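Novice: Numbering (the numbering used here), first residue to last: 12 to 242. C-beta atoms are modelled at their ideal positions from N, C-alpha and C, and glycine is treated no differently. Treat the numbers as computed from the prediction; the structure is a model and nothing was measured.
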Amino acid sequence: MARVPPGIHTIRGIMGVCHLLVDAQGDAVLIDTGLVGEPWQIRWRLHRLGLGPHAIKAILLTHGHLDHAGNLAWAKTWSGAPIYAHPLEQAHIDGTYSYVGVNRWCGRLENAGRILLRVGARAEIDIPFADGDELPFWGGLRVIHLPGHTLGHCGFYSARHDLLFSGDLFASYFFNVHLPPAILNSAPELIPASLEKARALDPRFMVPQHYDVLDGTLHRRRFDRLLNRLT
Ligand SMILES: [Zn+2]
Ligand SMILES: [Zn+2]
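Here you go:
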């Protein structure tokens, strides 16, 4: 049985992964843009598929943390594609979000990353989206607002493939299936409802943005185990 539907390419960086989705017509979309190491892989993948930068029709952002949006400005300039994201993520992209409490550590880490890694240049969201919006990419992707990690954190649901790209709702590794660490969550009180929302959607496949292997049924099983552990 297929581990994921065809057309999903994992682009693995030093912190997590981003995804290149390619449909049968050769149209591509990026979900997140990564931190360090992703740009050359994105170029190489497209090249292997016989595609150029303009095959990318859109850049979809799950949220604006630096490990997801670090190469956003590069991706937009290189591909010419518009950026789609929840409007509350613009402050994260800009590095101006007012972190409070323990979450301030997240801002400190991002500030250090911007300086040391020379990523995170400003990039405007071109097309703000909201929960339930249907995006015309990869056979249709529905915006699923899953706030808590950040206020504008979103997943993308493909009804055609019954697959949820779940962003940073949880991380899925063999020895460690977990919610994001407390220092990375801006509104932890919203996380339980977002977990429930994903459970109610009941997708056959789940694909987060931090994982070991690309296996949508495995990540779905691990998500269920995580929820059982939490409740
Ligand atoms: Zn994050
Ligand atoms: Zn992340």
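#1: Which residues end up in the neighbourhood of ligand 1 when you take C-beta atoms closer than 5 Å to any of its heavy atoms?
#2: First and last residue of the alpha helix (DSSP H) that includes Gly178?
#3: In terms of DSSP beta bridges, what is Phe216 paired with?
#4: I'd like to know whether the C-beta atoms of Leu238 and Arg215 end up nearer to each other than 8 Å.
#5: What is the DSSP secondary structure of Glu145, counted as helix, strand or coil?
#6: Going by the CB atoms, is the gap between Gly118 and Arg125 shorter than 8 Å?
#7: Inspect the CB distances between the segment 131 to 150 and the segment 82 to 94 and report whether three or more fall short of 8 Å.
#8: Does the beta-carbon of Gly163, which I'm using as the reference point, lie nearer than 7 Å to any heavy atom of ligand 2?
#9: Just to confirm before moving on: does the CB-CB distance between Gly143 and Arg171 stay below 8 Å?
#10: For Asn187, which of helix, strand or coil comes out of DSSP?
#11: Is Gln52 near ligand 2, going by C-beta to nearest heavy atom under 7 Å?
#12: Which of helix, strand or coil does DSSP assign to Asn181?
#13: Could you check whether the Cβ of His189 sits closer than 7 Å to any heavy atom belonging to ligand 2?
#14: Taking the alpha carbon of Tyr222 as the point to measure from, which residue in Ala35, Phe148, Leu162, Leu180 has its own alpha carbon closest?
Specialist: Quick answer:
#1: His76, Asp179
#2: Element bounds for Gly178: not the alpha helix (DSSP H) but the beta strand (DSSP E), 174 to 178.
#3: Leu174
#4: no
#5: strand
#6: no
#7: yes
#8: no
#9: no
#10: strand
#11: no
#12: The amino acid at residue 181 is misidentified as Asn; the sequence shows Phe. DSSP places Phe181 in coil when its eight states are reduced to three.
#13: no
#14: Leu180
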